[in-house]
Amino acid sequence: MARKPFYIKINETTELKSITERDARPMFQLIDSNRLYLRQWLPWIDYTRTVEDELAYIRSVAAQYQENQSITCLIIYHGSIAGTISYHPIDWQNRKVEIGYWLGAQFQGKGLMTVACQAMVRYAFENLKLNKVEIRCATGNIRSCAIPQRMGFVEEGTIRQAEWLYDHYVDLRLYGLLKSEWMNQQRNA
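Its first residue numbered 1, the sequence shown is counted upward by one per residue in full-length UniProt numbering.
This is the structure we're talking about:
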């Protein structure tokens, strides 16, 4: 039995929804128009050269979603695709997940990623009953690192030379938030 599409309405301007095959062309156009910007921190940009490449990616994440292994969402802002946010494979045994995300340059500075991350953290703890959410960001990616910092994640350390980025390794900062810490934040909000 197929799982129903994932959807969260965050506010009047922003929503998260499952990525589908019909999103391949607009997703590719967003990536292609932001190629140089996104390439600074995302190692997969050079592998997304055509709409068919994006379609293959969408099919793979849709299969993972149906197998309850991950969730990949479009971030929709005023009806336009702004980027994506996803749970990288859910670690059901250890009750944790890593969140990954990106936005097109034109959508930066609007608070979109913060509200999207907040929604995904809430879903992980309340709906999936997970115990921990992690976010990894390249140490030099100040904007990306600001998201977990703003949300009260604990910086757990630096993973040295953790990711190959075209012609060099980058270190990743590991941020973690436990369900108990999140619940404390909710009580004190």
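Quick reminder that beta carbons are idealized off the backbone N, C-alpha and C, glycines included. As the structure is a computational prediction, the values presented were derived from the model and not from experiment.
Which same chain residues end up closer than 6 Å to residue i when comparing Cβ atoms and leaving out the 5 residues on each side of it in sequence?
i: residue 121; result: 133
i: residue 5; result: 18
i: residue 148; result: 135 and 175
i: residue 37; result: 105
i: residue 28; result: 51 and 54
i: residue 10; result: 115 and 119
i: residue 124; result: 97, 130 and 133
With a cut-off of 8 Å on the beta carbons, I'd call residue i and residue j a contact; round off their distance for me.
i: residue 18; j: residue 65; result: 7 Å
i: residue 152; j: residue 126; result: Wrong, their Cβ atoms sit about 17 Å apart, outside the cutoff.
i: residue 166; j: residue 43; result: 7 Å
i: residue 58; j: residue 23; result: 7 Å
i: residue 30; j: residue 75; result: About 10 Å separates the two Cβ atoms, so there is no contact after all.
What are the residues that DSSP puts in a beta bridge with residue i?
i: residue 97; result: 133
i: residue 21; result: Answer is none; residue 21 lacks a bridge partner.
i: residue 85; result: 73 and 101
i: residue 163; result: 170
i: residue 111; result: Answer is none; residue 111 lacks a bridge partner.
i: residue 175; result: 135 and 155
i: residue 13; result: In the DSSP output, where bridge partners are listed per residue, residue 13 has none listed.
i: residue 91; result: 96
i: residue 80; result: 77
i: residue 8; result: 16
Only counting the same chain, and skipping five residues up and downstream in sequence, which positions put a Cβ closer than 8 Å to that of residue i?
i: residue 139; result: 145, 158, 170, 171, 172 and 173
i: residue 95; result: 129, 130, 131 and 132
i: residue 86; result: 61, 70, 71, 72, 73, 99, 100 and 101
With 8 Å set as the bound, which would you pick, yes or no: does the beta-carbon of residue i sit closer than that to a beta-carbon of chain C?
i: residue 36; result: As a matter of chain content, chain C is missing from the structure shown, which is built from one protein chain.
Which residues in the same chain have their Cβ closer than 7 Å to the Cβ of residue i, if we skip the five residues on either side of it in sequence?
i: residue 107; result: 77, 82 and 83
i: residue 102; result: 38, 42, 83 and 84
### Task
Spell out a yes or no on whether the stretch 154 to 166 and the stretch 107 to 117 are touching, meaning 3 or more CB-CB pairs, one atom from each, closer than 8 Å.
The answer is no - the stretch 107 to 117 does not touch the stretch 154 to 166, with fewer than three Cβ pairs under 8 Å.
### Query
When the Cβ atoms of the stretch 1 to 15 are set against those of the stretch 67 to 77, are three or more pairs found closer than 8 Å?
The stretch 1 to 15 makes contact with the stretch 67 to 77, as at least three CB pairs between them are under 8 Å.
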